[in-house]
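See structure below.
4 protein chains.
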Amino acid sequence: MSPKVSDEYKTMMREKILEASITLFSRKGYHETSMDDIVEESGFSKGAIYGYFDSKEALFIELQKKFATLNYLELKAVIDKEKTALAKLERTADLVFASMCEVSEEMCLMDLEFQVASSRSPKMRKQHRFQQMAVMKLLEDTIKEGIESGEFRKEVDANSLAAILISAIGGLSNLMVTAGIKFKWDKIKEALVSTVRSGITV
Amino acid sequence: MSPKVSDEYKTMMREKILEASITLFSRKGYHETSMDDIVEESGFSKGAIYGYFDSKEALFIELQKKFATLNYLELKAVIDKEKTALAKLERTADLVFASMCEVSEEMCLMDLEFQVASSRSPKMRKQHRFQQMAVMKLLEDTIKEGIESGEFRKEVDANSLAAILISAIGGLSNLMVTAGIKFKWDKIKEALVSTVRSGITV
Amino acid sequence: MSPKVSDEYKTMMREKILEASITLFSRKGYHETSMDDIVEESGFSKGAIYGYFDSKEALFIELQKKFATLNYLELKAVIDKEKTALAKLERTADLVFASMCEVSEEMCLMDLEFQVASSRSPKMRKQHRFQQMAVMKLLEDTIKEGIESGEFRKEVDANSLAAILISAIGGLSNLMVTAGIKFKWDKIKEALVSTVRSGITV
Amino acid sequence: MSPKVSDEYKTMMREKILEASITLFSRKGYHETSMDDIVEESGFSKGAIYGYFDSKEALFIELQKKFATLNYLELKAVIDKEKTALAKLERTADLVFASMCEVSEEMCLMDLEFQVASSRSPKMRKQHRFQQMAVMKLLEDTIKEGIESGEFRKEVDANSLAAILISAIGGLSNLMVTAGIKFKWDKIKEALVSTVRSGITV
DNA sequence: GATGAATGAGTTTTCATTCAT
DNA sequence: TATGAATGAAAACTCATTCAT
Numbered sequence: 423m424s425p426k427v428s429d430e431y432k433t434m435m436r437e438k439i440l441e442a443s444i445t446l447f448s449r450k451g452y453h454e455t456s457m458d459d460i461v462e463e464s465g466f467s468k469g470a471i472y473g474y475f476d477s478k479e480a481l482f483i484e485l486q487k488k489f490a491t492l493n494y495l496e497l498k499a500v501i502d503k504e505k506t507a508l509a510k511l512e513r514t515a516d517l518v519f520a521s522m523c524e525v526s527e528e529m530c531l532m533d534l535e536f537q538v539a540s541s542r543s544p545k546m547r548k549q550h551r552f553q554q555m556a557v558m559k560l561l562e563d564t565i566k567e568g569i570e571s572g573e574f575r576k577e578v579d580a581n582s583l584a585a586i587l588i589s590a591i592g593g594l595s596n597l598m599v600t601a602g603i604k605f606k607w608d609k610i611k612e613a614l615v616s617t618v619r620s621g622i623t624v
Numbered sequence: 423m424s425p426k427v428s429d430e431y432k433t434m435m436r437e438k439i440l441e442a443s444i445t446l447f448s449r450k451g452y453h454e455t456s457m458d459d460i461v462e463e464s465g466f467s468k469g470a471i472y473g474y475f476d477s478k479e480a481l482f483i484e485l486q487k488k489f490a491t492l493n494y495l496e497l498k499a500v501i502d503k504e505k506t507a508l509a510k511l512e513r514t515a516d517l518v519f520a521s522m523c524e525v526s527e528e529m530c531l532m533d534l535e536f537q538v539a540s541s542r543s544p545k546m547r548k549q550h551r552f553q554q555m556a557v558m559k560l561l562e563d564t565i566k567e568g569i570e571s572g573e574f575r576k577e578v579d580a581n582s583l584a585a586i587l588i589s590a591i592g593g594l595s596n597l598m599v600t601a602g603i604k605f606k607w608d609k610i611k612e613a614l615v616s617t618v619r620s621g622i623t624v
Numbered sequence: 423m424s425p426k427v428s429d430e431y432k433t434m435m436r437e438k439i440l441e442a443s444i445t446l447f448s449r450k451g452y453h454e455t456s457m458d459d460i461v462e463e464s465g466f467s468k469g470a471i472y473g474y475f476d477s478k479e480a481l482f483i484e485l486q487k488k489f490a491t492l493n494y495l496e497l498k499a500v501i502d503k504e505k506t507a508l509a510k511l512e513r514t515a516d517l518v519f520a521s522m523c524e525v526s527e528e529m530c531l532m533d534l535e536f537q538v539a540s541s542r543s544p545k546m547r548k549q550h551r552f553q554q555m556a557v558m559k560l561l562e563d564t565i566k567e568g569i570e571s572g573e574f575r576k577e578v579d580a581n582s583l584a585a586i587l588i589s590a591i592g593g594l595s596n597l598m599v600t601a602g603i604k605f606k607w608d609k610i611k612e613a614l615v616s617t618v619r620s621g622i623t624v
Numbered sequence: 423m424s425p426k427v428s429d430e431y432k433t434m435m436r437e438k439i440l441e442a443s444i445t446l447f448s449r450k451g452y453h454e455t456s457m458d459d460i461v462e463e464s465g466f467s468k469g470a471i472y473g474y475f476d477s478k479e480a481l482f483i484e485l486q487k488k489f490a491t492l493n494y495l496e497l498k499a500v501i502d503k504e505k506t507a508l509a510k511l512e513r514t515a516d517l518v519f520a521s522m523c524e525v526s527e528e529m530c531l532m533d534l535e536f537q538v539a540s541s542r543s544p545k546m547r548k549q550h551r552f553q554q555m556a557v558m559k560l561l562e563d564t565i566k567e568g569i570e571s572g573e574f575r576k577e578v579d580a581n582s583l584a585a586i587l588i589s590a591i592g593g594l595s596n597l598m599v600t601a602g603i604k605f606k607w608d609k610i611k612e613a614l615v616s617t618v619r620s621g622i623t624v
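These protein sequence lines are chains A, B, C and D, in that order. Per the working numbering, the very first residue in the first sequence carries number 423; after that it's consecutive. Per the working numbering, the very first residue in the second sequence carries number 423; after that it's consecutive. Per the working numbering, the very first residue in the third sequence carries number 423; after that it's consecutive. Per the working numbering, the very first residue in the fourth sequence carries number 423; after that it's consecutive.
Right under this line is the structure:
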């Protein structure tokens, strides 16, 4: 009697469009992906897509939000599960390197797109900043915990180290997809972990 | 008649166009910069620019090449000047952080543009890869030197560490311009240097 | 089962939709008003509106009909109430200027929309023509009455004068809303009435 | 040696585009005329048209300006040629009715388009107001002249009468194209002139 | 070689109308 | 009969590139 659909239905449709967009944005990049591409890939009509998202940019921003939230939650879960600070950091490394290694390049490419977009649009920068800060805080707090518990040296600068760690990981991800370097992730992880470990533990 | 004069002239003209393009690409990004913008900023005519460069993309690639070459040479000069491996790494850190700190964001934004472009175009990726590899080799060799000279521990993985260092620095640069974070560069540098130092020195 | 109830109900619904549309068409114009605007303003669903009107244009035509009929009846009532031809014309002036002055610009803007639409669509032109002719006839007959009763000069061309009067009034209305001129309606009316009076009375 | 073209050339091209646009705007109306229509009618490419005009609206505004300027100058020339105020008004009537009669409906339709546009866009309203005011002033001054010279009665309200005259003429033009009424222009003119004459002359 | 007017495919977005429910 | 999600043609506008002069 009514085409009024449930909220779940709507969410599902949005999800489908976002799904199709990820594929395209990561494969071709934001600018090279046209709404027509999304129409074709998603199977929706133009009007339908604009019914769910105000604009191409809005769709992209939504995507970033979704992405970052997932990453954050995943990381938080891992950190919360461990007891010692060192273990938390090591599990974090495991998680991050596993995702770079397995999930292939799609995610890293998406991430790069988000970065450029954030460097140009104040709106996206604000969001990106918020997300990066949240992740950094997670690491920073973990390091501080380690200092307080006596695991790490007192003179360690938690804030700076967190920034460095997050940057190193982001940088490796970028390097992989921009330079096409096939890293030996095991060795890289081992090097990072051992350097940091001997660099900060008592 | 004299090809030399003609070539010098050509090079000068090309240089002027590249100069104008840097400003625009870093300020607005590759896609948002139009050839008309470059015409206006450079003072050249459209035809002239197309006389010097085959396409917008070719101009951009040329720019990347110029950029990377300069960076490489600058870094090499610094490294060659020092004696000990540790000093080489420390001077490298000085150079890199000074440029991020002083030259402000223009260069970092340019770099980000190069990264995305490299992730999309095989031609640019090849070039980017070559450049990154060259810089990585510089660091790797320095670390190996340190190991051989007894400065660094034998078990240090030179190759991986070089990749991590270059990634950390690239990542910090990106984070600054994408998240708008105002890092305290002094503290970051200190943290990076001291962590690495105590992480790898004997 | 009972068609009468159904019809009344239908008419009421149509009336509500028309009401909402007037507001929008006069405020934003025909082209700038979307069916979605009407949906929002009227509170009806899209399907409902299309159930009552075949198309946006049909709705608009209906509106014009309603509008013109009201105007005609109002004018006729005024004219019928008076005895002498001069008084009829003067009361007409009173009515017309009062409405321009009070009802403000909404009606004038609507009228302008009807005019353009009439200039483009044969269907609307036919309707507009019929309505304008009816009003003109009212004035023409009044003038003829005046001539026959000896109030007005014999050589007065009733038909032409009616056209002029109706045009002057329409023109003033248009000028107000298109040029944003704030007329001193009292003085304008006085000038019109006195010029016509001394121009046609014996 | 250079495709740099003269200013005359540019003006000529603009003129051609404007010419094609008049035809379309008057035939189909502003909204119903697409840039593709103008491309086809003018023979120019889309890019070329946008090279000469910033937008569809800008093109339309330019057209209005051109139109109004011509009308004003034509009217001014006629008025300046005559000596007595009455003759000036009569020649004005001649000019106006001749143009409505001869130039057919194209101009009147254009005018109607300008009116609606002016009722919606502040920019166009400003321009329209300025033009209408200029014409009104011409009439007002003429009437004032007549009063001072003793041709017209002292109690005539020059300002109001000018507004009425300009409205009557505009209204007749509109009525012709919106109601499709075939006026007998000779008789209308005669009626207007004689009514005004006996209504204001001493 | 130099110029910049011209090209036109391609972009994002809108909106009257339909129709499955 | 009512609903509003879906449609898709059409709109305004952009811009890398070409080429007549």
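Even glycine gets a Cβ: it sits at the ideal position worked out from N, Cα and C. Remember, it's a predicted structure, so these values are computed and weren't measured experimentally.
Contact with chain D is found for asparagine 596 of chain C, since one of that chain's Cβ atoms lies less than 8 Å from the residue's Cβ. Counting only the Cα atoms, isoleucine 483 of chain D lies some 53 Å from asparagine 493 of chain B. DSSP lists C/Phe574 as the bridge partner or partners of threonine 623 of chain C.
Annotated as proximal: isoleucine 622 of chain B and threonine 617 of chain A, with beta-carbon spacing under 8 Å. Within chain C, the C-beta atoms nearer than 8 Å to that of leucine 531 of chain D come from Ser541, in chain order. Chain C has no Cβ within less than 8 Å of the Cβ of serine 571 of chain D.
Within chain A, the C-beta atoms nearer than 7 Å to that of phenylalanine 605 of chain B come from Ala585, in chain order. Exclusion of the five residues before and after lysine 566 of chain A leaves Ala580 as the residues of its chain whose Cβ lies within less than 7 Å of its Cβ. Sequence-distant partners of isoleucine 501 of chain D (beyond 5 residues in either direction) whose C-beta falls short of 8 Å from its own C-beta, in its chain, are Lys510, Arg513, Thr514, Leu560 and Thr564. Between the segment 583 to 590 of chain C and the segment 530 to 537 of chain D there are fewer than three C-beta pairs closer than 8 Å, too few to call the two in contact.
Its chain contains Ser540 as the residues whose beta carbon lies nearer than 6 Å to that of histidine 550 of chain D, once the 5 sequence neighbours on both sides are disregarded; these appear in chain order.
Under the 8 Å criterion on CB atoms, threonine 617 of chain C is classed as interfacial with respect to chain D. Between the alpha carbons of leucine 508 of chain D and glycine 572 of chain C lies a distance of about 28 Å.
For aspartate 459 of chain C, the three-state secondary structure derived from DSSP is helix. Note that the segment 473 to 492 of chain B touches the segment 436 to 449 of chain B; at least 3 beta-carbon pairs, one per stretch, sit closer than 8 Å. Here DSSP, grouped into helix, strand and coil, assigns aspartate 608 of chain D to helix. Under the Cβ criterion of 8 Å, alanine 507 of chain D is not counted among the residues facing chain C. In the three-state reduction of the DSSP assignment, glycine 451 of chain C falls in the coil class, being assigned neither a helical nor a strand state. For leucine 560 of chain D, no Cβ of chain C is located within less than 8 Å of the residue's own Cβ.
Minimum Cα-Cα distance from methionine 522 of chain C among the listed residues C/Asn596, C/Lys468 and C/Glu577 corresponds to C/Asn596. The three-state secondary structure of lysine 505 of chain A, taken from DSSP, is coil. For aspartate 579 of chain D, a Cβ of chain C is located within less than 8 Å of the residue's own Cβ. Listed along chain B, the residues sitting closer than 9 Å to glutamine 554 of chain A by beta-carbon distance are Leu597, Thr600, Ala601 and Ile603. Counting of Cβ neighbours within 10 angstroms places phenylalanine 552 of chain B among the exposed residues, the total staying below 16. Of the residues assessed, glycine 469 of chain B falls on the exposed side of the cut-off, its CB having fewer than 16 other CB atoms within 10 angstroms. In its chain, beyond the 5 residues on either side, Thr455, Asp459, Ile460 and Glu463 have a beta carbon closer than 8 Å to the beta carbon of leucine 446 of chain B. The contact set of isoleucine 610 of chain C on chain D, defined by CB atoms closer than 7 Å, consists of Ser582, Ala585 and Ile586 in chain order. Interface criterion not met: the Cβ of leucine 517 of chain D is under 8 Å from no Cβ in chain C. Residue range 527 to 542 is occupied by the alpha helix (DSSP H) that includes valine 538 of chain C.
In this structure, serine 582 of chain B sits near isoleucine 610 of chain A, with a CB-CB distance shorter than 8 Å. With its beta carbon at least 8 Å from every one in chain C, glutamine 486 of chain D lies outside the interface.
Using a 10 angstroms sphere on the CB of glycine 451 of chain C, the tally of other CB atoms reaches 16 or more, which defines it as buried. Contact of serine 620 of chain D with chain C is assigned, a C-beta pair being separated by under 8 Å.
Contact of leucine 534 of chain A with chain B is assigned, a C-beta pair being separated by under 8 Å.
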